[in-house]
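Visitor: First the structure, which I've put down as structure tokens, then a few questions once you've had a look.
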């Protein structure tokens, strides 16, 4: 059968009827059928596939499945922000990278108000500073290990070698004749970390020694006014105030510092109701400075409660200024034991120490504050000049912010007596009394409720 027309769209059939060779046209057709598919080369991938992908994403909003495939096709980030950081020779690079990845988490654990504060990730400037300062980097590793020990309920023995290495590197740095490096913020930061660790470890003599070293550096720098890093100032003052509350000694940094002056720089757009006169109604002997500090702390608590409800954040400068102004003033006040002024002063110190000084992962006891608070409550127990609402607040602040579990044996009967005198029958009733005075649910609610419930249950084991 002769071949059909090649231009035809129908299939071409070839029939062989003998040994006779086919004519040239038929042989050509046979070769074309044999080679069908063999000469087909794979399509070359478009070298501009990424551009086509982007154009597809931009040009079409309907094909979401294709968009998802495009997104997953993008390469993930390789390495970390520390990948190109060269650490000092004295530092183990793996330990440094591991520790630095937890610095933000550790920083948050140092503040009970962390959800209302701003914590930034490490930036390139910070990385560069760490790369140039071995004691600074080692102290960060040391504090991260301390954080893990505290969070895991372990003692600090696992970080002892890191602690010794931090001291060794610091001494080496201080032995050089570079005065600028000796007085730098990085050096102060290292010593502050050592003082903090000593305090929470119960090594108060070492903490005091480190704090004295910080004082000398501050004097050589020309005073605290020469320091511009807010967070460094906060840690410095927290350490100073904490040591004073624990030992009963005067703080290293005077209350005459600029940071301890009232009034406070609260946002102009926020106005808080002033009900101090109602709070202290009938307490005419109250000192004017106590009332002023009460107003300042009440404003701060109101701002924190507002931020907690709205998911907002406050500025670190506000935290610093309120802490130093309130706490240094309260520490330097002096009133008779058992007086109303002394009771309110200690109540404010108890609240502010909880809000400004305590860590989330570990509770630090301030022995001097605790002893003074107990003595004042014992002396003022029968004073009729303290309204029941104020005495309820003082007892709850003491239970939540000052006292330890071992104090439950005498504190529970005291609160039970107060609750019966006030007619309280539930936690909500006493909370309605303490909340208008000064109360931060974010920090105090759970511990306060747990303690109050334990007062009216037979089990004595739920002291916060």
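Numbering (the UniProt record's numbering), first residue to last: 1 to 464. We treat Cβ as the ideally placed atom computed from N, Cα and C, and that holds for glycine.
Please list, in chain order, all residues of the same chain as residue 449 whose beta carbon is under 7 Å from its beta carbon, the five residues on each side excluded.
Guide: Cβ within range, chain order: 427.
Visitor: Output the distance between the C-alpha atoms of residue 405 and residue 222, rounded to the nearest integer angstrom.
Guide: Cα-Cα distance, rounded: 44 Å.
Visitor: Can you give me the C-alpha to C-alpha distance between residue 154 and residue 410, rounded to a whole angstrom?
Guide: Spanning the two alpha carbons is a distance of roughly 30 Å.
Visitor: Could you compute how far the alpha carbon of residue 182 sits from the alpha carbon of residue 100?
Guide: Answer to the nearest angstrom: the Cα atoms are 23 Å apart.
Visitor: Under a Cβ-count criterion, where at least 16 other Cβ atoms within 10 Å of its own Cβ denotes burial, should residue 104 be classed as buried or exposed?
Guide: Counting Cβ neighbours within 10 Å, residue 104 comes out exposed, since fewer than 16 surround it.
Visitor: Taking buried to mean at least 16 other C-beta atoms within 10 Å of its own C-beta, is residue 240 buried or exposed?
Guide: Counting Cβ neighbours within 10 Å, residue 240 comes out buried, since at least 16 surround it.
Visitor: Roughly how many angstroms lie between the CA atoms of residue 192 and residue 214, to the nearest whole one?
Guide: Approximately 7 Å, taken between the alpha carbons.
Visitor: Give, in chain order, every unbroken run of the beta strand (DSSP E) that is at least 3 residues long and sits entirely within the segment 355–410.
Guide: Counting whole runs of 3 or more residues, the segment 355–410 contains no beta strand (DSSP E) stretch at all.
Visitor: Whether or not the segment 127–144 and the segment 186–202 are in contact is what I'm after, with contact meaning three or more pairs of Cβ atoms, one per stretch, closer than 8 Å; do they touch?
Guide: Output reads yes: the segment 127–144 touches the segment 186–202.
Visitor: For the segment 329–344 and the segment 354–364, state whether three or more C-beta atom pairs, one from each stretch, are separated by less than 8 Å.
Guide: Touching, no, given that fewer than three Cβ pairs across the two stretches are closer than 8 Å.
Visitor: For the alpha helix (DSSP H) holding residue 224, just list the boundary residues, first then last.
Guide: Looking at the DSSP string, residue 224 is not in any alpha helix (DSSP H), and its letter there is neither H nor E.
Visitor: Please classify residue 414: is it buried, with 16 or more other beta-carbons within 10 angstroms of its beta-carbon, or exposed?
Guide: Buried: at least 16 other Cβ atoms inside 10 Å.
Visitor: Quick check: the segment 420–436 against the segment 287–298, are at least 3 beta-carbon pairs closer than 8 Å?
Guide: Taking 8 Å as the limit for Cβ pairs, the verdict is that the segment 420–436 does not touch the segment 287–298.
Visitor: Which residues in the same chain have their Cβ closer than 6 Å to the Cβ of residue 227, if we skip the five residues on either side of it in sequence?
Guide: Result list for residue 227: 233, in chain order.
Visitor: Go ahead and pull the three-state DSSP assignment for residue 229.
Guide: If DSSP states are grouped into helix, strand and coil, residue 229 belongs with coil.
Visitor: In its own chain, which residues sit with a C-beta less than 6 Å from the C-beta of residue 344, not counting the 5 before and 5 after it?
Guide: So the qualifying residues of the chain are 290.
Visitor: For the alpha helix (DSSP H) holding residue 294, just list the boundary residues, first then last.
Guide: That run of the alpha helix (DSSP H) goes 288–310.
Visitor: Which residues in the same chain as residue 376 place their Cβ atom closer than 8 Å to its Cβ, once the five residues preceding and following it in sequence are excluded?
Guide: Around residue 376: 337, 338, 342, 343, 346.
Visitor: When you compare only the Cα positions, how much space is there between residue 400 and residue 230?
Guide: One C-alpha to the other measures close to 28 Å.
Visitor: By a C-beta neighbour count over all protein chains shown, 10 Å radius and 16 as the cutoff for buried, is residue 451 buried or exposed?
Guide: Buried is the call here.
Visitor: Nearer than 8 Å: is that true of the beta carbon of residue 360 relative to any heavy atom of the ligand NAD?
Guide: You won't find the ligand NAD in this model; it holds no ligand whatsoever.
Visitor: Between residue 245 and residue 362, what straight-line distance do the alpha-carbon atoms span, to the nearest angstrom?
Guide: Spanning the two alpha carbons is a distance of roughly 17 Å.
Visitor: Excluding the 5 residues preceding and the 5 following residue 217 in the sequence, name in chain order all residues of the same chain whose CB lies nearer than 6 Å to its CB.
Guide: Cβ within range, chain order: 183, 188.
Visitor: Assuming residue 437 and residue 402 make a contact with CB atoms under 8 Å, what is their CB distance in whole Å?
Guide: Not confirmed; about 16 Å, so no contact.
Visitor: How far does the alpha helix (DSSP H) with residue 432 in it extend, from its first residue to its last?
Guide: Counting along the chain, the alpha helix (DSSP H) containing residue 432 begins and ends at 427–437.
Visitor: Assuming residue 247 and residue 210 form a contact by the criterion Cβ under 8 Å, report the distance between their Cβ atoms to the nearest whole angstrom.
Guide: About 14 Å separates the two Cβ atoms, so there is no contact after all.
Visitor: Count the other CB atoms within 10 Å of the CB of residue 418; is the residue buried (16 or more) or exposed (fewer)?
Guide: Buried: at least 16 other Cβ atoms inside 10 Å.
Visitor: Distance, Cα to Cα, residue 243 vs residue 364?
Guide: If I take the Cα positions, the gap works out to 11 Å.
Visitor: Looking at the unbroken alpha helix (DSSP H) that takes in residue 321, where does it start and where does it end?
Guide: It spans 316–332 - the alpha helix (DSSP H) in which residue 321 sits, taken as one unbroken run.
Visitor: State the start and end residues of the unbroken alpha helix (DSSP H) segment that holds residue 98.
Guide: Per DSSP, residue 98 belongs to the alpha helix (DSSP H) from 93–100.
Visitor: Do residue 238 and residue 118 have their C-beta atoms closer together than 9 Å?
Guide: Against a cut-off of 9 Å, the Cβ pair of residue 118 and residue 238 comes out as no contact.
Visitor: Measure the alpha-carbon distance for residue 95 versus residue 144 and round it to whole angstroms.
Guide: Cα-Cα distance, rounded: 10 Å.
Visitor: With burial defined as no fewer than 16 other Cβ atoms inside 10 Å of the residue's Cβ, what is the status of residue 329: buried or exposed?
Guide: Residue 329 is buried by the Cβ-count criterion.
Visitor: Give the secondary structure of residue 186 by DSSP, where H, G and I count as helix, E and B as strand, and everything else as coil.
Guide: Of the three classes helix, strand and coil, the one that applies to residue 186 here is helix, per DSSP.
Visitor: Helix, strand or coil, according to DSSP, for residue 174 in the structure here?
Guide: In this structure, residue 174 counts as helix in the three-state DSSP scheme.
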